[in-house]
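Protein sequence lines, in the order shown, are assigned to chains A and B. Mapped onto this note's numbering, the consecutive letters of the first sequence carry residue numbers 496 to 805. Mapped onto this note's numbering, the consecutive letters of the second sequence carry residue numbers 5 to 379.
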Amino acid sequence: MSAAIEVEGLVKRYGTLAAVDGIEFSVPPGTVFSFLGPNGAGKTTTTEILEGLRHATEGEVRVLGLDPWKEGAALHRRIGVIPQDFRFFEKITPKEAIEYYRALFHTRVDPHALLEQVELADKADARFDTLSGGQKQKLGLALALTNDPEICFLDEPTTGLDPHARRAIWAVIRTLKREGRTVFLTTHYLEEAELLADRVAIIHRGKIIASGSPAEIIRAHGKPARMSVEGSPALAAYLQMNLGASAVVEDGKVSVTLSDKGDALKVLTAIEASGLPWSSFTTTQDTLDDVFVRLVGQMDEGALKTEGTP
Amino acid sequence: MKARHIAADLRIVSRTYLRNPVALFFSLIFPIILITMFGLIFSAVGTGAVTLVVVNEDHNPQGGPTAESSAFLAALNSTSVVNVQLVSVTPQNFSTYLGQNDYSAGLVIPAGFQNDYLNRTPVNLTLYTNPEDASSTGTVVGAVQGVANGFNLRAVCSGTSCAPTIGFTTLNVGSQVYKYIDYLIPGLIGFAILTSPMFSMVDIASSYRKEGIFRQLSLTPITRAEWLTSRIVWYVGLTFVTAGIMIGAGIFLFNAHVQLTLGLIPFLVVGPFFFVSLGMLAGSVAKTPESAALIGNIITFPMMFLSGTFFTVSSMPMGLQEFAHILPLYYVIDGMNQVMLFSNTSRALFDLLVVLIGSVVVFLLAIRLFKWRDE
Ligand SMILES: Nc1ncnc2c1ncn2[C@@H]1O[C@H](COP(=O)(O)OP(=O)(O)O)[C@@H](O)[C@H]1O
Ligand SMILES: [Mg+2]
């Protein structure tokens, strides 16, 4: 089966600024793909190019096999979009908004059922300008679903929402995936990407700096897992000698790098065998968060250095 | 264009509108306020001296007015109940002239007046009055009668007979009498046709873009032409309501005389067609809501006053009259005047054609230049 979204060598320039600077990725149908990056990374620009709302400067983009810019009308019948900062007619209620979309798309969706799905049924008859931020996003989500889309594009759907509203949106995204839809999700919350996405691409300054499943990214870019116990430098020396492992002492803790999950057992056995006093062991592993902060940091430092050289 | 899309969008437009108290005020209450205000201001003007428009045909060999005719007019003026205003109009057109310019009294002094008077040959003046305007008719007839009596006494009784030589015939002003309020109705309908869509479309065009609502709509099957058409349909409906209010208020409050013909309908359709499209065009070329409002005002304000809205174009100075002919609203209002007052079908058709062609051009331009998405 061909990819739902296919991007090659995509560049978008605004004057001299390359908002998107030569990225490529592909999203298999039925998966959740998350575009993760700080503000100004180029997420919205990329998303809107995929939706046919902006014109790429260079590169090849295919969404459901269509050219979004030239074949927008055909594409829009098959995708659902919640733009960043979704806004709608102020005096119109969610129910009326869905009826409007239903008439435009000529579908038979039941407004009530759809509002139930996004947990907005209680506000079905409230005017848009009286809805909270989370409720507005939920309406955006409901509208994006009126045409039974094959792909949903969600551009920072949870930014600025309270934890409860955020969880409600996550639940809908999981449902979308269960229903076999492809989801393209941008976010700057790592937790969100890690929880929801099958694949993540980390974008920074218009470039993809890491991609893969969350676990793959951590494996490729994170520090190895470590086990630490409270113990003396003698214990460190013992472990070094008996395991050949690099054991270091930090803040009264002995810390050993684990290169394989079997290592943990070996290390514990060796500690016990040493007869030296020890207590409270912990294992630590990088999260996507650590990786993200490190990668972005490295890139910014690199960028600073190149900018600093004459 | 799909009727289903237009109908769906119309529901959004009407709800947005009906839920907005300011918009409702401007389309339903404001017309009544306007027509009442202008009706009262201008009907109050008539309480001073009555303007008596005079054509003096009695010239001396040098081409100036004869001494006796001048004396007669001076005497009339000195009564201070009439205010003599000389015009040069041929007597055949005089009645129509009075009617069209909303004068209620006119007097023609025929050629040979001085001669006949001095030779004691009976001579007849023609006095035009407006029978509907009883008080000014009484004033004018009384004044002319009084002055004529004085002249007759002074000149005639020295000789053999005391027969009066100066008499007058009274005729009605115009074939149709138009009052200010009659012009005010098409004028104010035109005012509403202009301002209501212009102000809101300019605002919508720029704010919907800023808020991303156009972007949102671009992701649905509705087209720009359908979207604009639904606004036009809405404003046509609104114009019918506004026109109904204006006409009703004019007739019941101020006793206006306008003809309610089907010929009015094309103007109530084409007018909003033009100005909704123009508002959209103005809003689309502007980059920000602020500059959109500025462009909108620059287009709207001259038309608001100079197209025959509050004052007839023929009462304006020549230069402004010429300027009015380049204003699209002039043709809308003039056309309505032709059908509602003068029953001049051929001129109304011409006006209609001008607005219709303009509308099609502006509509197509607006659709071309107004973009849903960043290009
Ligand atoms: N229409 C535009 N004109 C000029 N610069 C833009 C435009 N849109 C986005 N940019 C710039 O492109 C970069 C990426 O923006 P964006 O895609 O919105 O980032 P993100 O969605 O990741 O926060 C930013 O530096 C932004 O200022
Ligand atoms: Mg963004």
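Quick reminder that beta carbons are idealized off the backbone N, C-alpha and C, glycines included.
For residue i, is the beta carbon positioned less than 6 Å from some heavy atom of ligand 1?
i, result
"A:Thr682", "no"
"B:Lys291", "no"
"A:Tyr509", "yes"
"A:Ala514", "yes"
"A:Thr539", "yes"
"A:Ala536", "yes"
Return no unless some Cβ of chain B is closer than 7 Å to the Cβ of residue i.
i, result
"A:Phe584", "yes"
"A:Val576", "yes"
"A:His699", "no"
"A:Tyr595", "yes"
"A:Ala598", "yes"
"A:Leu545", "no"
"A:Leu559", "no"
"A:His659", "no"
"A:Leu548", "yes"
"A:His716", "no"
"A:His571", "yes"
Is any heavy atom in ligand 2 found nearer than 6 Å to the beta carbon of residue i?
i, result
"A:Lys702", "no"
"A:Gln579", "yes"
"B:Lys214", "no"
What does DSSP give as the partner residue(s) for residue i in the beta ladder?
i, result
"B:Pro65", "Note: B:Pro65 sits in no beta bridge, so no partner."
"A:Ile518", "A:Leu505"
"A:Glu745", "A:Lys748"
"B:Tyr132", "B:Gly110, B:Leu175"
"B:Val58", "B:Leu90, B:Leu111"
"A:Gly575", "A:Cys647"
"A:Lys702", "A:His699"
"A:Phe600", "BP columns for A:Phe600 are empty, so no partner."
"B:Phe244", "For B:Phe244, which the question treats as bridged, DSSP gives no partner whatsoever."
"B:Ile36", "For B:Ile36, which the question treats as bridged, DSSP gives no partner whatsoever."
"A:Trp773", "A:Gly726"
Assuming the contact rule is C-beta atoms closer than 8 Å, residue i and residue j should be a hit. Round their C-beta distance to whole Å, please.
i, j, result
"A:Val515", "A:Leu505", "6 Å"
"B:Gly339", "B:Phe271", "5 Å"
"B:Ala260", "B:Pro35", "Contact doesn't hold; Cβ gap of about 14 Å is too wide."
"B:Val251", "B:Gly43", "With the sequence shown as reference, residue 251 of chain B is identified as Ile, and Val is not the correct amino acid for it. Wrong, their Cβ atoms sit about 13 Å apart, outside the cutoff."
"A:Arg573", "A:Glu501", "Actually they are not in contact, since the Cβ atoms of A:Arg573 and A:Glu501 sit about 15 Å apart, beyond 8 Å."
"A:Leu680", "A:Leu649", "5 Å"
"A:Leu626", "A:Ala619", "Contact doesn't hold; Cβ gap of about 11 Å is too wide."
"B:Thr133", "B:Thr173", "11 Å between Cβ atoms; not a contact."
"B:Ile193", "B:Ala247", "5 Å"
Determine whether the Cβ of residue i lies closer than 7 Å to any Cβ atom of chain A.
i, result
"B:Glu230", "no"
"B:Gly50", "The pLDDT assigned to B:Gly50 is 47, lower than 50, so where the model puts this residue is not dependable, and the model offers no usable value."
"B:Thr243", "no"
"B:Ala27", "no"
"B:Ala247", "no"
"B:Thr381", "No statement about residue 381 of chain B is possible, as the shown extent of chain B runs from 5 to 379 and does not include it."
"B:Thr20", "yes"
"B:Gly216", "yes"
"B:His9", "yes"
"B:Ile16", "yes"
"B:Ala12", "yes"
"B:Arg377", "yes"
"B:Arg235", "no"
"B:Arg351", "no"
"B:Arg372", "no"
"B:Arg23", "yes"
**Prompt:** Can at least three beta-carbon pairs, one atom from the segment 555-570 of chain A and one from the segment 623-637 of chain A, be found at a separation below 8 Å?
**Reply:** no
**Message:** When you compare the segment 676-686 of chain A with the segment 714-730 of chain A, are there three or more beta-carbon pairs, one atom per stretch, that lie closer than 8 Å?
**Reply:** With contact defined as three or more Cβ pairs closer than 8 Å, the segment 676-686 of chain A and the segment 714-730 of chain A are not in contact.
**Message:** Would the segment 523-540 of chain A count as touching the segment 200-209 of chain B if we require 3 or more Cβ pairs under 8 Å?
**Reply:** no
**Request:** Report yes or no: do three or more beta-carbon pairs, one from the segment 79-92 of chain B and one from the segment 52-63 of chain B, lie closer than 8 Å?
**Result:** yes
**Request:** Kindly confirm or deny that the segment 317-336 of chain B and the segment 211-226 of chain B touch, where touching means at least three C-beta pairs closer than 8 Å.
**Result:** no
**Prompt:** How about the segment 303-312 of chain B and the segment 326-339 of chain B: do they share at least three Cβ pairs that are nearer than 8 Å?
**Reply:** yes
**Message:** Does the segment 64-84 of chain B come into contact with the segment 276-290 of chain B, if we say contact requires no fewer than three beta-carbon pairs (one atom in each stretch) closer than 8 Å?
**Reply:** no
**Request:** Inspect the CB distances between the segment 700-711 of chain A and the segment 758-767 of chain A and report whether three or more fall short of 8 Å.
**Result:** By the C-beta criterion, the segment 700-711 of chain A is judged not to be in contact with the segment 758-767 of chain A, since fewer than 3 inter-stretch pairs fall below 8 Å.
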